[in-house]
Structures are given as structure tokens and as C-alpha cells.
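>
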Amino acid sequence: MNKKIHKIHIDNSIKGINLIKESNLDSKIIGFKSDESVYDLHTEIPAGSDVTPLYREDHEYIHFLRHDAAHVLAQALTYMYPAIKFGKQFFRDENVFGFDVHLAGYVFTASDFSKIAEIMRKVVASKDNIIKHIWDKEKALSYFSNDKFKQDIISNSPKEKVTLYEHGDYIDICGGPRGLNNDHVGEHFALLEIESSTWMYDDEKNMQRIIGICFRNKDEMDAFMKENNSK
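So in our numbering, the last one in the sequence shown is 1085, and the numbering has no gaps at all.
(1) Determine the closest residue to residue 979 out of 952, 908, 959, 930, with distance taken between C-alpha atoms.
(2) Please tell me whether residue 874 and residue 883 are closer than 7 angstroms, where the distance is taken between their beta carbons.
(3) Since residue 937 is in the alpha helix (DSSP H), which residue starts that stretch and which ends it?
(4) What does a CB cutoff of less than 7 angstroms around residue 921 pick up in its chain, not counting 5 residues either side in sequence?
(5) If you run the structure through DSSP and keep just helix, strand and coil, what is residue 895?
(6) Please look up how many angstroms separate the CB atoms of residue 1062 and residue 955, rounded, as I've assumed it's under 8 angstroms.
(7) If contact is defined by three or more beta carbon pairs under 8 angstroms, each pair taking one atom from either stretch, is the segment 984-1000 in contact with the segment 940-957?
(8) Within the segment 981-1065, note down every full alpha helix (DSSP H) run reaching 4 residues or more, in order along the chain.
(9) If you follow the beta strand (DSSP E) that residue 902 is part of, which residue opens it and which one closes it?
(10) Does DSSP put residue 916 in a helix, a strand or coil?
(11) Below 8 angstroms on the Cβ atoms is my contact criterion, and I expect residue 923 with residue 1068 to pass it. Report the Cβ-Cβ distance as a whole number of Å.
(12) With which residues is residue 869 paired in a DSSP beta bridge?
(13) Is the number of C-beta pairs between the segment 1043-1054 and the segment 1065-1083 that are closer than 8 angstroms three or more?
(14) Going by C-alpha distance, which of 1022, 960, 1026 is nearest residue 1035?
(15) Sorry if obvious, but does the Cβ on residue 956 come closer than 6 angstroms to a heavy atom of the ligand PLP?
(16) So residue 1072 is in the alpha helix (DSSP H); what residue range does that whole segment cover?
(17) How is residue 1067 classed by DSSP in three states: helix, strand or coil?
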């Protein structure tokens, strides 16, 4: 198998996972990038593209990791609080992820973190496959008919199609990139803080933003914690 191959020219559009199989590429590849875009393995790479493989050690990997971590957080919260609603994902710097949430009658505090993190670890351990869907707006609006936040996101999107990712019995709007299953997140994550926020389409709608960090390995996480604890 070829590792760290330079450029691959795409004659016919193909999903990243199929490109790996058909070209006998390294199974450790997590995605591909061109000069313009990053493609996860779920996504069709357009014909005419010139792409290079991405690995865990590449800089772009953190974008996969933090998207997956944010949705593992959301999946865990859904199991714990079935009535919870989600607003937008939140990313700050490279290793910080989060979600704006609304749960009627409940205020999250840092005392909730240990239980949420425990359920997140169970979600990761389940190794649920991540499946990408592309729906038209009508189907997406119908699916999320009881979710005002999702209705707002879909209705206000300029795109004709809605991209979603599913794992376990959880499905949500996400532009990616994503890994192939929840195990991709690993164990080097933590929940850090809660901030107040408002819904981007209604300033009168108060939400809470649950914020965490995620890393490739323990050394990176320890370095981050040491640096921030010294401030």
C-alpha cells in the first residue's frame, strides 16, 4: 500500500472510502484534500480534482476530530435528556468544540460534566458507524418538524440540499468533515465550561453553550491544560 502518496488525479467522481479500496491505498487515510476543499471518506470527490491523502498526524485532522466530538456530545445529551434541542455547533481555536443547547426547565452547570463525559465515553466505545445523508429541504423540514431550531437552520440555508450525519439513533445537520465511526474521537477530550448564548435567528431565545476540548493524544491534551492553568 502507498503511504504519503503525493497527488491523485480523480478522473471520475468517487467517494473517498471507495477511492481507498479501488486504488489499494493506506487504510489509515482519514480523508483527502485538494487546493480548495477537504473531503471526508463519506464524501464524493469531484471529477477533475487533484487530491492528497490525509492522516491523523496532519493538521487538517483536528477538523474531523472536533466535529465528531461535538456530535458525540450531542448524542450523549440526547440519551440523557430526550427533550433537549440543539442549536449551532461551536468551534473556537483548533481544539475547542461545543454545542448550543436548550432544555426547557433545566439549567446546565459544571456539576453535570462528569456524568455527560461518562455517557460520551460510552458513545465512543459503541463504535457506531457514521453515515452521511444528503436530503432535500422538504425532507429535512419534515424530519425535524418538531424542532424549531432545525427548522430555522434549514429554512435560512441558501443551499438546496441539507447535509446530515447519522450515528446510532442520533442524526443531525453537519457540514463535516467526519470520521467513519464514533471510535474516531478516542479518549482525549474533556468538558470545560458553560456560556450563555442566544439563538442566532432569535435574540430573545436564550440557550446554553456547552464547551469542551479534544486532542489527538494525551501529550497534546496535557500541554493544553498546563498552558491554560498557568494563565
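Using N, Cα and C, we set each Cβ at its ideal position, and we do this for glycine too.
Taking the coordinates as given:
(1) Numbered from 1 along the sequence shown, position 125 holds the residue referred to as residue 979. Closest option to residue 979, Cα to Cα, is 930.
(2) As a first step, residue 874 must be located in the sequence shown, where it is residue number 20. As a first step, residue 883 must be located in the sequence shown, where it is residue number 29. Yes; because the gap between Cβ atoms is below 7 angstroms, this pair is in contact.
(3) Position 83 of the sequence shown holds residue 937. First-last for residue 937: undefined, no H or E at that position.
(4) As a working mapping, residue 921 is identified with position 67 in the sequence shown. Cβ within range, chain order: 1028, 1030, 1031, 1032.
(5) Counting from 1 along the sequence shown, the entry for residue 895 is found at position 41. Coil at residue 895, not helix or strand.
(6) Here residue 1062 corresponds to residue number 208 of the sequence shown, with the count starting at 1. Here residue 955 corresponds to residue number 101 of the sequence shown, with the count starting at 1. Going by Cβ atoms, the distance from residue 1062 to residue 955 rounds to 6 angstroms, so yes, they are a contact pair.
(7) no
(8) 991-997, 1002-1010
(9) Residue 902 sits at position 48 when you count from the first residue of the sequence shown. Neither: residue 902 is in no beta strand (DSSP E) and is coded neither H nor E.
(10) In the sequence shown, the residue the question calls residue 916 occupies position 62. In this structure, residue 916 counts as helix in the three-state DSSP scheme.
(11) Position 69 of the sequence shown holds residue 923. Position 214 of the sequence shown holds residue 1068. Correct: roughly 4 angstroms between the Cβ atoms.
(12) What you label residue 869 is simply residue 15 of the sequence shown in a count that begins at 1. Residue 869 is bridged to 898.
(13) yes
(14) Translated into the one-based positions of the sequence shown, residue 1035 becomes position 181. Ranking the options by Cα distance to residue 1035, first place goes to 1022.
(15) Looking for the ligand PLP in the displayed structure turns up nothing, as the structure carries no ligands at all.
(16) In the sequence shown, counting from the first residue as 1, residue 1072 sits at position 218. Run containing residue 1072: 1072-1083, per the alpha helix (DSSP H) assignment.
(17) For this step, residue 1067 is matched to residue 213 along the sequence shown. Note: residue 1067 maps to strand in three-state DSSP.
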